[in-house]
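One structure below.
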Ligand code: HEM
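Protein chains in written order, with the working numbering: chain A, 215 to 292; chain B, 15 to 412.
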C-alpha cells in the first residue's frame, strides 16, 4: 500500500504543479525533463518531507531523478 | 576522465551544518569552479572570489525582481498579501549602478553613530549585570541581547519590542537570501516582513533616510523606507550576533585565548578581532552575475550566469592563510573576505569592529566563570548562506 501512496502523491503534486493530468506525468521521466523549475522542486521536497515523515534533502530530485526511483528510495527508508 | 572532478558542492552532505569547512576544503582543492543548481557556478578559491568581488565586470543579481517573477507561484492558493518583492526592493546588496550608490550613500549617512563607543561599553556592562549570579546562560541569547541594544542605538528606536521576536524577524528575513528555499519558507518570510512594518515608524534612522533622500530628490515611498530599515536591521543583527557568538564560543574553548584577550593591548585586540571575523565568516556565500562570458581553462561560462562565491572557503584557503583552521591571535596581514570586497563592501564593517572592540574584554572577563555545558549538543542552524549557532548552554564554575 505504502509504495502506491508516495508514488500517487508525487504524481498528483507534479500534475498540479504543471497544470496537467496525472496520466501525463510519467513515473520514469527524468525530473529535469518535466519542466519544473528549481523553486518548484525545492518546495515539493519540503512538502514531501512531511508526507513521508523522514528527513529529505532539497537535492533529492537530482539524486533520484524519476518518480519511480524516488518512491522506491523513500519506501526503503521506512 | 579525471576522478577528482567528481566532487560536487552539496551543503546537505552529512555533518555540513556542524562543520562546513571539511566539505569546502575538498571542493576548493578538487573542484574549485563547477556548475551547481540549474545553470549556476560556484567558486571556492580565495583568488577567484577576491578577483570577482573586486572587478566591475560583475554585478549583483536582483532579489526583488526574482520575487516579482515568483510571487504568483509562491502565493498560489494563498490569501496572503505578497510583499516579498516590495519588502526587498531597496536592499543595497541586490542593487546595481546609480540606484545602489544612492541608496548606500543615504543609508550610510542615516545611521546614528555619534557617541557609539561610549554606549557600547555601557551595553556590555549592562548585559553582564543582567546575567550576574546566573548558574546557566545561553551564550547566543547573551550575545543577541548586546546586539539588540546596539541596534536600538544606531537605528534610533527607543524600544524594539520583544528580543525573541526581533531575533526571529531578523532570522526569517535572512532566510530570504538563502539557497534551496521552498515557497513555504518564502511565505513565512513574507508574513514576518508584513509583521515588522511598524517597527521603524518615527525612528531616528528612518527620519534621517527621509531627510537625506529628499535632499537628493529621491522619491522614496513608505514601502521603500521600510525596505531600507528592515534590511539594515537584518544585516546588522544577524551577522553581528552570529560573529560574536561564534567568536565567544571559540574563545571559551581555550584557556590560552581567554588569557590572551584579558591581557592583550588594544592594538593586539584589534588584530585578534580581525582574525575572529575571518574565522567565523558569518556570511558564508554571496552571489554575482558576469556581464561578459568567462573562460577558466576548459570552462566556459556564458554572460549573465549566476555565480556563487564561497567567502567561507576563501577565508580558509591555505594558499593565502597559514594554518587556516586555527585562530592565530597575531595574524597580520589578514585580508579576509568576511565583509566582502569592492563596491558592495559591508556598510557596517566599522560598526561591527567597534562592537567587538568594546565588548570582547568585559564579556570574556565575565564569561570566564562559565564553561560550555555540552559541546556535542550545540545546534547549528540549517542555513547555508549564514552560519548561525542556535544556542550554546553555559554553566557556572561557581
Ligand atoms: C560581523 C558583522 C558583519 C558581517 C560579517 C557582514 C558581512 C557583510 C558582507 C559579506 C557584505 C557584502 C555582501 C556582498 O558583497 O554581496 C555585507 C554587506 C552589507 N552589510 Fe554587513 N556585515 C556585518 C555587519 C553589518 C552591520 C553592523 C551593518 C549595518 C549597520 C551591515 C550592513 C550591511 C549593508 C547595508 C550591506 C550592503 C552593502 C552594499 O551592498 O553596498 N553589516 N555585509
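Note that the Cβ used here is the ideal one computed from N, Cα and C, for glycine as well. Keep in mind the model is a prediction, meaning the values are calculated, not measured.
- Listed along the chain, the chain B residues whose CB falls inside 8 angstroms of the CB of residue 239 of chain A amount to none; the nearest CB is some 18 angstroms away.
- The beta carbon of residue 107 of chain B sits closer than 6 angstroms to at least one heavy atom of the ligand HEM.
- When Cβ-Cβ separations below 7 angstroms define contact, residue 102 of chain B makes no contact with chain A.
- Where residue 114 of chain B is concerned, the enclosing alpha helix (DSSP H) starts and stops at 111 to 124.
- Using a C-beta cut-off of 8 angstroms, the region 213 to 227 of chain B makes contact with the region 239 to 250 of chain B, since at least three inter-stretch Cβ pairs fall below that distance.
- Pairing residue 250 of chain A with residue 95 of chain B, the inter-Cα distance amounts to about 25 angstroms.
- Neighbourhood of residue 280 of chain A in chain B, by CB distance below 7 angstroms: empty, with the nearest CB roughly 18 angstroms away.
- With distances taken between CA atoms, residue 321 of chain B lies nearest to B:66 out of B:36, B:25, B:89, B:66.
- Beta-bridge partners assigned by DSSP to residue 285 of chain B: none are found.
- Here residue 354 of chain B has 67, 297, 300, 325, 360 as same chain residues with Cβ atoms under 8 angstroms from its own Cβ, once five neighbours each way along the sequence are excluded.
- At a cut-off of 7 angstroms, the C-beta of residue 198 of chain B has a neighbouring C-beta in chain A.
- Between residue 126 of chain B and residue 223 of chain B, the alpha-carbon positions lie close to 11 angstroms from each other.
- Taking C-alpha positions only, residue 292 of chain A is separated from residue 26 of chain B by approximately 20 angstroms.
- Counted as a single uninterrupted DSSP element, the alpha helix (DSSP H) harbouring residue 225 of chain B occupies residues 218 to 229.
- When DSSP reads this structure, residue 21 of chain B sits in no beta bridge, so it has no partner.
- Using a Cβ distance threshold of 7 angstroms, residue 100 of chain B and residue 237 of chain B count as a contacting pair.
- Secondary structure of residue 350 of chain B (DSSP, three-state): coil.
- Note that the C-beta distance between residue 378 of chain B and residue 275 of chain B is below 7 angstroms.
- At a threshold of 6 angstroms, residue 360 of chain B counts as near the ligand HEM, since its beta carbon sits closer than that to one of the ligand's heavy atoms.
- Secondary structure note for residue 37 of chain B: its alpha helix (DSSP H) is the uninterrupted segment 35 to 44.
- Residue 221 of chain B has a beta carbon lying at 7 angstroms or more from every beta carbon in chain A.
- The alpha helix (DSSP H) runs of length 4 or more contained entirely in the region 293 to 329 of chain B are, from start to end of the chain, 325 to 328.
- Here residue 248 of chain A is buried. Its C-beta has 16 or more other C-beta atoms within 10 Å.
- Under the three-pair Cβ rule at 8 angstroms, the region 163 to 171 of chain B does not count as touching the region 190 to 203 of chain B.
- Against chain A, the CB of residue 194 of chain B has a partner CB under 7 angstroms away; the residue lies at that interface.
- Taking the Cα of residue 363 of chain B as reference, the smallest distance to any Cα among B:288, B:32, B:111, B:103 is reached at B:288.
- When 7 angstroms is used as the limit between beta carbons, residue 273 of chain A is near these residues of chain B: 24, 26, in chain order.
- Taking a cut-off of 8 angstroms for Cβ pairs, the region 225 to 235 of chain B and the region 268 to 283 of chain B do not touch, as fewer than three such pairs fall below it.
- With a beta-carbon spacing of about 15 angstroms, residue 261 of chain B and residue 400 of chain B fall beyond the 8 angstroms limit used to define contacts.
- In the DSSP assignment, residue 380 of chain B falls within the unbroken alpha helix (DSSP H) covering 363 to 381.
- With 16 or more neighbouring CB atoms inside 10 Å of its own CB, residue 239 of chain B falls in the buried class.
- Within chain A, 252 have C-beta atoms less than 7 angstroms from the C-beta of residue 52 of chain B, given in sequence order.
- Between the ligand HEM and residue 227 of chain B, a heavy atom-to-CB distance of less than 6 angstroms is absent.
- At a C-beta separation below 8 angstroms, residue 87 of chain B has these neighbours in chain A: 253, 254.
- Chain-ordered, the chain A residues with CB closer than 8 angstroms to the CB of residue 84 of chain B read 253.
- At least one CB atom of chain B sits nearer than 7 angstroms to the CB of residue 257 of chain A.
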